[in-house]
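A quick write-up on the structure given underneath.
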Amino acid sequence: MQRIGVIGGMSWESTAEYLRLINQGVRGRLGGLHSARLAVGAVDFADVEALQVAGRWGAAGDLLAAEARGLEAAGADLLLIASNTMHEVHDAVAAAVAVPVPHLADVTAAAVTAAGLSRVGLLSTRYTAEREFYRGRLADRGVTTLVPDPAGREEVQRIIFEELCTGRVEAASRQRLLAVAQDLLAAGAEGIVLGCTELELSVGADDLPVPVFPTTTLHCRAALDLALG
Numbered sequence: 013m014q015r016i017g018v019i020g021g022m023s024w025e026s027t028a029e030y031l032r033l034i035n036q037g038v039r040g041r042l043g044g045l046h047s048a049r050l051a052v053g054a055v056d057f058a059d060v061e062a063l064q065v066a067g068r069w070g071a072a073g074d075l076l077a078a079e080a081r082g083l084e085a086a087g088a089d090l091l092l093i094a095s096n097t098m099h100e101v102h103d104a105v106a107a108a109v110a111v112p113v114p115h116l117a118d119v120t121a122a123a124v125t126a127a128g129l130s131r132v133g134l135l136s137t138r139y140t141a142e143r144e145f146y147r148g149r150l151a152d153r154g155v156t157t158l159v160p161d162p163a164g165r166e167e168v169q170r171i172i173f174e175e176l177c178t179g180r181v182e183a184a185s186r187q188r189l190l191a192v193a194q195d196l197l198a199a200g201a202e203g204i205v206l207g208c209t210e211l212e213l214s215v216g217a218d219d220l221p222v223p224v225f226p227t228t229t230l231h232c233r234a235a236l237d238l239a240l241g
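Count the sequence shown with the working numbering and you get residues 13 to 241, in order.
As structure tokens, then:
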């Protein structure tokens, strides 16, 4: 079993889900008392969020790249950036280490195309919805992405940062997320991508009448495929 390195803390609520899903996956595949071999690093999300707001993506990339080098030195055989939004700096992280850094958008695109779909709605932070690093990578792999209107993007952003990242899972906000998703379906989306690692704390695959692509779960499965060979 290879050692999986997790660059977490963005937020720690979803990082905890990464650790749970990876360990559950190892137990499910190997049985018995097996658990994952992990190297975990965590940044202070307050620092990262300030860099996001300021548009200082280069500095954020330097921060995560340093964390990646530390995890590689600690014996990680592959690395996960435990955040959709911070895949904006994936290339900087991947360039800093010699081990694989599976890209969440690649994993997501593979799941969408395997389901026979080519047009999905994206629930995510405003950064992921509006910047090209994620949607463009999906497009390169044959997946067209629809995003909420400006009001919808702001509402999803608020729910993620003010509630889910602080451990609050509100029933009313869950209904609002589903309403935004329904708007995307009405606009022609064939499925919904939960494109923020916290969203699986609120929305599940059974909540919508179309395929739902939970990126945290998909990322963990892809890591296990690599780690367990």
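We treat Cβ as the ideally placed atom computed from N, Cα and C, and that holds for glycine. Predicted model only: the values in this text are computed from it and were never measured.
1) Let me know if R133 comes out buried or exposed under the rule of 16 or more other beta-carbons within 10 Å of its beta-carbon.
2) Tell me whether G200 is buried or exposed, calling it buried when 16 or more other Cβ atoms sit within 10 Å of its Cβ.
3) Any idea what DSSP makes of A54, helix, strand or coil?
4) How would you call Q187, buried or exposed, if buried means at least 16 neighbouring beta carbons within 10 angstroms?
5) Can we say the region 112-128 touches the region 174-193, given the rule of at least three CB pairs closer than 8 Å?
6) Go ahead and pull the three-state DSSP assignment for L158.
7) Evaluate A126 with the Cβ neighbour count: other Cβ atoms within 10 Å of its Cβ, from every protein chain shown; 16 or more gives buried, anything less gives exposed.
8) On a CA-only basis, which of C208, H46, S23, R41 is nearest D237? Give me that one, please.
9) Give the DSSP-derived three-state secondary structure of V222 in the structure shown.
10) Could you give the DSSP three-state label for V205: helix, strand or coil?
11) Provide the residue span of the alpha helix (DSSP H) that contains V18, from first to last.
12) What do you get for P160, buried or exposed, if any count of 16 or more other CB atoms within 10 angstroms of its CB means buried?
13) Look up R131 in the DSSP assignment and give the residues it is bridged to.
14) Among G43, L220, I16, which has the Cα closest to the Cα of R49?
The short version:
1) Looking at the sequence shown, residue 133 is not Arg but Gly. With at least 16 other beta carbons inside 10 angstroms of its own, G133 counts as buried.
2) With fewer than 16 other Cβ atoms within 10 Å, it is exposed.
3) Correct three-state label for A54: strand.
4) Q187 is exposed by the Cβ-count criterion.
5) In short, these stretches do not touch, since the Cβ pair count stays below three.
6) DSSP, reduced to helix, strand and coil, places L158 within a strand of the structure shown.
7) Label assigned to A126: exposed.
8) Comparing Cα-Cα distances from D237 to each of C208, H46, S23, R41, the minimum goes to R41.
9) If DSSP states are grouped into helix, strand and coil, V222 belongs with coil.
10) Correct three-state label for V205: strand.
11) Going by DSSP, V18 is part of no alpha helix (DSSP H) but of the beta strand (DSSP E) stretching over 16-20.
12) By the neighbour-count rule (16 or more Cβ atoms within 10 Å), P160 is buried.
13) R131 is bridged to T156.
14) Per the C-alpha coordinates, the member of G43, L220, I16 positioned closest to R49 is I16.
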